[in-house]
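Under the working numbering, think of the first position of the sequence shown as 22, with each following residue one higher. Yeah, the Cβ is synthetic: ideal placement off N, Cα and C, and Gly gets one too.
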Amino acid sequence: MRTILVPTDFSREAEQAVKVAASVAQKTGAKLRLLHVVQSVYAYEYNEGSPLLPDTAQQRLARQINMAEERMQTLTKGLEGRNVTVEADVQVGSTAKHVSNIIADNPDVDLIVMGTRGDTGLHELFIGSRTEKVVRFANCPVLSVRHLDGEFRLRDVVLATDFSDDNQPLIEKLKDLQDVFKFYIHVLYVNTPVNYDTTFRIEERMQRFLQTNQLENYRTAIIDDYSHQEGIRRYAERVHADMIAMVTHGRSGVSYLLDGSTAEEVVNHATTPVLTYNIHS
Numbered sequence: 022m023r024t025i026l027v028p029t030d031f032s033r034e035a036e037q038a039v040k041v042a043a044s045v046a047q048k049t050g051a052k053l054r055l056l057h058v059v060q061s062v063y064a065y066e067y068n069e070g071s072p073l074l075p076d077t078a079q080q081r082l083a084r085q086i087n088m089a090e091e092r093m094q095t096l097t098k099g100l101e102g103r104n105v106t107v108e109a110d111v112q113v114g115s116t117a118k119h120v121s122n123i124i125a126d127n128p129d130v131d132l133i134v135m136g137t138r139g140d141t142g143l144h145e146l147f148i149g150s151r152t153e154k155v156v157r158f159a160n161c162p163v164l165s166v167r168h169l170d171g172e173f174r175l176r177d178v179v180l181a182t183d184f185s186d187d188n189q190p191l192i193e194k195l196k197d198l199q200d201v202f203k204f205y206i207h208v209l210y211v212n213t214p215v216n217y218d219t220t221f222r223i224e225e226r227m228q229r230f231l232q233t234n235q236l237e238n239y240r241t242a243i244i245d246d247y248s249h250q251e252g253i254r255r256y257a258e259r260v261h262a263d264m265i266a267m268v269t270h271g272r273s274g275v276s277y278l279l280d281g282s283t284a285e286e287v288v289n290h291a292t293t294p295v296l297t298y299n300i301h302s
């Protein structure tokens with residue numbers, strides 16, 4: 022892993038995300054890149070250096086930028102002693118646009134870590150606001166962090182899967198993390214009344230999936246529940262999972278784990294950090 026990007030608004034949830042990202046960076050040797058974007062209706066004029074920017078707006082923006090830079094310095098200073106290389110950046114404009122530009126210009130960004138506020142945060146993450154746009158353009162996994170007790174650790178990770186080939190990019194990332202954190206992977210399939218299948222057929226598909234992906238240190242589980250998101254969340258709680266991993270492409274109609282609403286519900290209600298990988302189609 023080379024670079025972990027952490028967009029931050031300095032909220033408590035964002036601080037949790039920075040803490041998680043620092044733990045991953047410390048283990049993997051990745052560089053930590055912190056980004057704060059000052060939102061402004063005059064973003065274009067400011068970034069283009071336009072002389073037409075009103076003096077009052079210019080002064081207001083200058084104060085906001087100075088405050089953000091001071092808070093960024095404090096945040097960076099708090100990471101001293103963790104043996105992590107940190108790069109801090111304060112920009113003006115749209116968070117989604119700046120993150121998208123960073124991703125486009127820096128192919129070494131392997132992971133984005135973001136804080137989420139549950140219901141509110143999930144609207145930002147999956148339903149049309151700036152963070153959803155980040156996920157839409159990201160060509161790397163996004164780790165959403167809602168709550169964290171103590172240090173971030175990975176011992177048990179739930180891979181919620183439908184056994185499709187679309188899981189492979191996510192699995193490769195999990196393998197990289199597993200090499201470092203040495204966790205167990207719980208390969209989970211949730212059988213629901215809507216997508217019901219027999220246990221025998223599910224086991225056959227699971228075996229083909231395991232043979233194709235050559236996982237190590239894994240356990241398998243097939244559970245019944247009324248909805249996929251509830252089954253994933255409840256199973257993660259039962260095994261005290263440190264992270265849930267799943268793919269999504271942010272739209273419905275293909276299969277249950279590629280349905281953005283399923284991922285939305287999991288991130289929205291699970292206290293466990295959730296790693297999503299957007300399959301672009």
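In the three-state reduction of the DSSP assignment, ASP177 falls in the strand class.
Spatial neighbours of PRO214 in its own chain (CB-CB distance under 8 Å, excluding positions within 5 residues in sequence) are listed in chain order as TYR247. The C-alpha of ALA257 lies about 35 Å from the C-alpha of THR95. DSSP places GLY136 inside the beta strand (DSSP E), whose first and last residues are 130-136. For PRO162, there is no enclosing beta strand (DSSP E), as DSSP marks it with neither H nor E. When C-beta atoms of the segment 225-245 are compared with those of the segment 82-94, fewer than three pairs fall below 8 Å, so the two segments do not count as touching. DSSP places ASN127 outside any alpha helix (DSSP H), giving it a letter other than H or E. Taking GLU101 as reference, the option from GLN47, ASP131, MET135 and ALA89 with the minimal CA-CA separation is GLN47. Excluding sequence positions up to five before and after ASP30, its CB lies less than 6 Å from no other CB in the same chain. The continuous alpha helix (DSSP H) containing ALA42 extends over residues 33-49. At least 8 Å separates the beta-carbon of LEU164 from that of LEU56. Within the DSSP secondary-structure output, GLN250 pairs in no beta bridge.
Secondary structure of ASN289 (DSSP, three-state): helix. For PRO28, there is no enclosing alpha helix (DSSP H); the residue is found in the beta strand (DSSP E) stretching over 24-28. At the C-beta level, ALA262 and VAL179 come within 8 Å of one another.
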